[in-house]
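Colleague: Positions -22 to -1, 1 to 516 (mature numbering (1 follows the signal peptide of the UniProt record, and there is no 0)) are the ones given, in order, by the sequence shown. Using N, Cα and C, we set each Cβ at its ideal position, and we do this for glycine too.
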Amino acid sequence: MNHRSYLCVCVCVCVCVCVCVCECVCLRVCACLACFPLVQVCKRKCSEVQRCSPCKQPRCAFPGPDGGLENGLGVSSGGGEASSDAGTGHCHLPHCPLPSSPACSSTSPPSSSSSSPPDGCGGVALHGDSSQSSDSACCQHPHEDGHVKAPDAVEALRINHLPSSILLKVLAHLTVKERCLCASLVCKYWRDLCLDFQFWKQIDLSGLQQVNDDLLVKIASRRQNVTEINISDCRGVQDHGVCSLASHCPGLQKYTAYRCKQLGDLSLSALASHCPLLVKVHVGNQDKLTDDALKKLGEHCSELKDVHLGQCYSITDEGVVALAMGCPKLQRIYMQENKLVTDRSVQAVAEHCPELQFVGFMGCPVTSQGVIHLTGLRSLSILDLRHISELNNETVMEVVRKCHNLSSLNLCLNWSINDRCVEIIAKEGRSLKELYLVSCKITDHALIAIGQYSSTIETVDAGWCKDITDQGATQIAQSSKSLRYLGLMRCDKVNEETVERLVVQYPHIVFSTVMQDCKRTLERAYQMGWSPNTSNAL
């Protein structure tokens, strides 16, 4: 073998050895990166690395000047030993030692601890400036195709290097509570993102008992671009806080405050006076509200489109009439068990609000004389007439004939509704998709008529109708081409065996009975990972 051949062989052997050593070092570095927390480092415009508090998350070690490991607060002599801060008393988790490599040994001698890292954890040195670290310069990461990857490329994969617009969209999927108590605590960058103005246009504080007037005042003073707020079930909020919010947020458009019984006319009047752009006001179950607040809404909020005043027992016809006259653009109005609201209110909203699409007077003392005025609403699509004591079949049939866009009709708890009325509804309701007949005076003939005459009805609920039998349930399932849901809850004359057979024959229809609903609930529980505890059963 000549001198040139001998030299080539030596070079090849050296290259192979170097490649093997580098690959081993890279694999150990990658192992450390895998165990390093994703949100531990917050990369900002500055070049320094922000270190997290040791009491929150474990961190990989930094090489100390004496060859040991330094955690920023104390120095540990052993790579696998836990260190503690004498000043704070915090106990630090074991540090991950830095791997050594031949390329780095010339500048920094390897320590004894770096030769045997703990199982499942490698080491990595974190520096604000990569040019100041010889360790990071020699560590490379292998790609899947065998090529090596520089540590700067791995660092570029940090989540904080994503554009802020993408991170904002990710954070938008969190609730206010999750953003404030979780995401904003990750690092200062995420805290700034969580304070972005777009998250404070729509504020949902519903059910948070810690919310009080002071918080609303701070929100109002700092976030004057609020367009929507929900304070339902916030019992610590008083009229003063809502008034402050209204005075600082003139662009408020949607206000929701269900079950805030402590609020009264003062808060709603302030909203009406300071927020003329209001389009939605949902204040159900507020006992202290009176007609004065509704008069303010009618006087100042001509853009109002959606109102929910259910269970506001002090409201009378006088307030509803004033609201209807001042808000001609109303599209949705819902009243529930308002015992002082009568036919006069129904007539007022029908005459002054021609754009109404949703009307509900559940449990209100209205009669057919008031309901008949709804026939003039050409855009009416959803009508809720549950528990109307004096509602006759002729009025209902006339409403269905005249309101051609009616898609949902709720007649539950009206004992006067019979088979003939349902037959006319099936024939005349050309756009009807939902029909609710719970606890009505209907028999199998009503279900048979729906299946025979209607080609649009998809949902029928005939629960608690004692005269429904197997015949009606079977024939509507056979003849209806559009039916997708049939409610038979507590129809005691319908056998469960019949329902089981229908479920198999018509899988596109959901049959609702006690047994079928229980089966679906258990099936969803199994899909979510629930398993029965056999030990408790024993």
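#1: Let me know the alpha helix (DSSP H) ranges lying completely inside the region 346 to 380, each 4 residues or longer, listed in chain order.
#2: Going by Cα to Cα distance, which pick from VAL319, ARG502, GLU281, CYS221 is closest to PRO306?
#3: ARG322 lies in the beta strand (DSSP E); which residues open and close that run?
#4: According to DSSP, is GLN216 part of a helix, a strand, or is it coil?
#5: For my contact list, MET313 and PHE339 are in at a C-beta cut-off of 8 angstroms; report their separation, rounded to the angstrom.
#6: Please report how far the alpha carbon of ASN263 lies from the alpha carbon of CYS290, in whole angstroms.
#7: Given this structure, state the Cα-to-Cα distance separating LEU301 from LYS497, to the nearest angstrom.
#8: CA-CA distance, VAL(-4) and ARG136?
#9: Under 8 angstroms: do the region 458 to 477 and the region 499 to 507 share three or more Cβ pairs, one atom per stretch?
#10: Evaluate the contact criterion for the region 455 to 462 versus the region 439 to 447: three or more CB pairs, one atom per stretch, below 8 angstroms.
#11: Using only CA atoms, which one of ASN203, ILE428, ALA424 lies nearest to ARG408?
#12: Going along the chain, which residues of its own chain have a beta-carbon closer than 7 angstroms to the beta-carbon of LEU171, five neighbours each way excluded?
#13: Can you tell me the Cα-Cα spacing of CYS221 and THR268, whole angstroms?
#14: For GLY338, list the residues DSSP reports as bridge partners.
#15: Around the Cβ of ASN511, are there at least 16 other Cβ atoms within 10 angstroms (buried) or fewer (exposed)?
#16: Among the residues of its own chain, which have a CB less than 6 angstroms from the CB of ALA271, if the five just before and after it don't count?
#17: If residue 519 and LEU173 are in contact, beta carbons under 8 angstroms, what's the gap, nearest whole angstrom?
#18: Locate the beta strand (DSSP E) running through LEU387, then write down its first and last residues.
#19: Hey, ILE402 and VAL378 are a contact pair by Cβ (cut 8 angstroms); roughly how many whole angstroms apart?
#20: With distances taken Cα to Cα, identify the nearest neighbour of ASP265 among THR294, CYS253, LEU256.
#21: If contacts are defined as beta-carbon pairs under 8 angstroms, then ASN383 and SER346 qualify, I think. What distance do you get, rounded to the angstrom?
#22: Would you call the CB atoms of TYR236 and ASP211 closer than 8 angstroms?
#23: Compute every distance between the C-beta of LEU466 and the non-hydrogen atoms of the ligand GTP, then say whether any falls below 7 angstroms.
#24: Take the Cβ of HIS286 as the centre, count every other Cβ of all protein chains shown within 10 Å, and call the residue buried at 16 or more, exposed below.
#25: Helix, strand or coil: how does DSSP classify SER460 here?
#26: Residues bridged to GLU206 by DSSP?
#27: Tell me, which residues are paired with THR437 by DSSP?
#28: Considering only C-alpha positions, which residue in the set ASP284, PRO254, GLY288 is nearest to HIS278?
#29: Ignore the nearest five residues each way along the sequence and tell me which others in ALA161's own chain have a CB closer than 7 angstroms to its CB.
#30: In its own chain, which residues sit with a C-beta less than 6 angstroms from the C-beta of ASN208, not counting the 5 before and 5 after it?
#31: Going by the beta-carbon positions, is the gap between VAL215 and ASN190 smaller than 8 angstroms?
#32: Which of helix, strand or coil does DSSP assign to GLY304?
#33: Would TYR504 be called buried (16 or more neighbouring beta carbons within 10 Å of its own) or exposed?
#34: Nearest by alpha-carbon distance to LYS380: which of ASP362, GLU406, HIS330 is it?
#35: Let me know the beta strand (DSSP E) ranges lying completely inside the region 221 to 306, each 3 residues or longer, listed in chain order.
#36: Relative to the alpha-carbon of GLN309, which residue among ILE487, PRO332, LYS411 has its alpha-carbon at the smallest distance?
Modeller: Considering the structure as presented:
#1: DSSP runs (the alpha helix (DSSP H)) wholly in the region 346 to 380: 346 to 349, 371 to 380.
#2: Looking at VAL319, ARG502, GLU281, CYS221, the one whose alpha-carbon comes closest to that of PRO306 is GLU281.
#3: Note, ARG322: premise wrong, no beta strand (DSSP E); alpha helix (DSSP H) at 321 to 330.
#4: It is coil, neither helix nor strand.
#5: At roughly 5 angstroms, the Cβ-Cβ gap stays under 8 angstroms, so MET313 and PHE339 are in contact.
#6: Cα to Cα, ASN263 sits roughly 5 angstroms from CYS290.
#7: Those two C-alpha atoms are separated by around 47 angstroms.
#8: For VAL(-4), the pLDDT reaches just 41, beneath the cut-off of 50, and the residue's location in the model is therefore unreliable, although a value from the coordinates is still provided. Whole-angstrom Cα-Cα distance: 27 angstroms.
#9: By the Cβ test, the region 458 to 477 is not in contact with the region 499 to 507, since fewer than three Cβ pairs between them sit closer than 8 angstroms.
#10: Fewer than three Cβ pairs drawn from the region 455 to 462 and the region 439 to 447 lie within less than 8 angstroms of each other, which leaves the two stretches out of contact.
#11: It is ILE428 whose Cα lies nearest to the Cα of ARG408.
#12: Same-chain partners within the cutoff: SER142, LEU145, LEU146, LEU149.
#13: Straight through space, the alpha carbons of THR268 and CYS221 are spaced by roughly 17 angstroms.
#14: Its beta-bridge partners are TYR312, ASP362.
#15: Its Cβ having fewer than 16 others within 10 Å, ASN511 is exposed.
#16: Result list for ALA271: ASP243, LEU246, SER247, in chain order.
#17: This structure gives no information on residue 519, because the portion of the chain shown stretches from -22 to 516.
#18: For LEU387, the enclosing beta strand (DSSP E) starts and ends at 386 to 388.
#19: About 7 angstroms; that satisfies the 8 angstroms criterion.
#20: When the alpha-carbon of ASP265 is set against those of THR294, CYS253, LEU256, the nearest one is in THR294.
#21: The beta-carbon distance between ASN383 and SER346, rounded to whole angstroms, is 21 angstroms. This is too long to meet the 8 angstroms contact definition.
#22: TYR236 is a Cβ neighbour of ASP211, given a cutoff of 8 angstroms.
#23: Judged by which ligands are present, the structure shown has none, so any question about the ligand GTP falls away.
#24: Buried: at least 16 other Cβ atoms inside 10 Å.
#25: Note: SER460 maps to coil in three-state DSSP.
#26: Answer by DSSP bridge pairing, in chain order: GLN180, LYS232.
#27: Beta-bridge partners of THR437 (DSSP): GLU412, TYR463.
#28: Residue PRO254 is the option with its Cα nearest to HIS278.
#29: Only LEU149, LEU152, TRP168, CYS172 meet the Cβ criterion.
#30: Cβ within range, chain order: ASP182, SER184, THR234.
#31: Taking 8 angstroms as the Cβ cut-off, VAL215 and ASN190 qualify as a contacting pair.
#32: In the three-state DSSP reduction, GLY304 falls in the helix class (H, G or I).
#33: So TYR504 ends up on the exposed side.
#34: Distances from the CA of LYS380 to each of ASP362, GLU406, HIS330 were compared; the closest alpha carbon is that of GLU406.
#35: Within the region 221 to 306, the complete beta strand (DSSP E) runs of at least 3 residues fall at 232 to 234, 258 to 260, 284 to 286.
#36: Measuring from the Cα of GLN309, the nearest candidate turns out to be PRO332.
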